[in-house]
Structures are given as structure tokens and as C-alpha cells.
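In the working numbering, the protein residues as written are 82 to 245. See structure below.
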């Protein structure tokens with residue numbers, strides 16, 4: 082069962098990172114398009130700023146699960162390094178439960194915010210609902226839950242290995 086979940090987690094984290102990379106690519110392309118239209122053609126496209134902003138928001142919320150999976154979540158490194166193995170496992174659980182509580186709040190209120198924002202339209206893109214922009218919070222949060230549980234089952238601790 083553990084291996085099945087970790088395989089599922091690897092796929093979901095990969096898909097989330099693919100989405101984050103796509104959003105970064107989109108933001109970069111739109112930024113270049115905006116520069117060309119504004120400074121070369123002298124006819125700025127107002128809609129690009131809105132899409133850049135929301136693609137960056139989606140990028141962040143889709144990239145966070147990879148950070149959680151690699152163990153780069155909030156922890157007290159010194160306390161962890163000085164603790165015996167049994168206390169380290171307790172610290173793992175405390176950090177994971179605290180992160181899950183925070184992500185649970187983000188999912189809950191993010192979904193509520195997305196539903197409430199569904200009646201609004203994006204400035205510059207009046208035909209697109211704000212629901213799609215706000216949906217980044219609960220979607221990213223769901224991916225985070227999988228990454229946090231994956232890190233609890235199979236800790237990677239990449240932030241401790243690269244710490245200076």
C-alpha cells in the first residue's frame with residue numbers, strides 16, 4: 082500500500098510541476114508579447130498583465146507540492162539535528178500535521194473564495210470568470226496534501242542536505 086501511494090504521489094507531483102512549468106512558460110511568453118506590443122507596436126494589450134499575474138499565482142500553487150515532498154516545509158533544523166531518532170519522528174508528525182492544518186484552511190477558504198469570486202470577471206478579460214484564478218488555491222492545496230503525506234511516509238529531507 083505504501084508503494085502504491087508513493088507511486089501515486091510521484092505522478093501527482095510530476096503533473097503539478099508540469100503545470101507549474103507551463104504557467105511559467107505562459108507568463109514569460111505573455112511578458113515578451115506585452116513588451117513587443119507596448120514598446121515596438123505602441124499598442125499595449127491590457128489583457129496580458131492579468132493573465133501574467135494569474136499564471137504566476139497558478140505556478141506558485143502548483144509548485145508548492147514539490148517543495149513539501151522534498152521536505153522543504155517549515156521545520157526547526159537545529160532541533161531536528163540534535164534530536165534522537167524517536168524525537169525526530171515526532172517532529173516529522175508535528176510538522177506534517179501543522180502543514181496539513183494550514184493547507185486544509187487554504188483549501189477550505191480557497192474553494193469558498195473561488196465560488197464567491199465566480200460572479201466577478203477579470204479586468205481586461207471580461208468574458209473569463211475570476212473563479213478560474215481563485216481555483217489555484219484549492220487545487221494546489223489538494224496536491225500539497227498528497228505531497229505532505231508522501232513526505233511523512235518517505236521523508237527526503239533535501240533542505241537539510243543542502244543547508245550551509
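Heads up, the beta-carbon is just placed ideally off N, CA and C, and yes, glycines get one too.
>> For a minimum of 3 consecutive residues, which ranges assigned as the beta strand (DSSP E) are wholly contained in the region 109-170?
In response: none
> Comparing the CB of residue 171 with every heavy atom of the ligand ZN, is any distance shorter than 7 Å?
Replying inline: By its list of ligands, the structure shown contains no ligand whatsoever, and the ligand ZN lies outside what it can speak to.
> Among 88, 215, 132 and 114, which one has its Cα closest to the Cα of residue 187?
Replying inline: Locating residue 187 in the chain shown gives position 106, counting from the first residue. It is 215 whose Cα lies nearest to the Cα of residue 187.
> Counting along the chain, where does the alpha helix (DSSP H) carrying residue 200 start and finish?
Replying inline: For the purposes of this step, residue 200 is taken as residue 119 along the chain shown, with counting starting at 1. Residue 200 -> no alpha helix (DSSP H), and no H or E assigned at all.
>> According to DSSP, is residue 237 part of a helix, a strand, or is it coil?
In response: Stepping through the chain shown from its first residue, residue 237 is reached at position 156. Coil at residue 237, not helix or strand.
> Since residue 216 sits in a beta bridge, which residues does DSSP pair it with?
Replying inline: Along the chain shown, read from residue 1 onward, the residue named residue 216 stands at position 135. For residue 216, which the question treats as bridged, DSSP gives no partner whatsoever.
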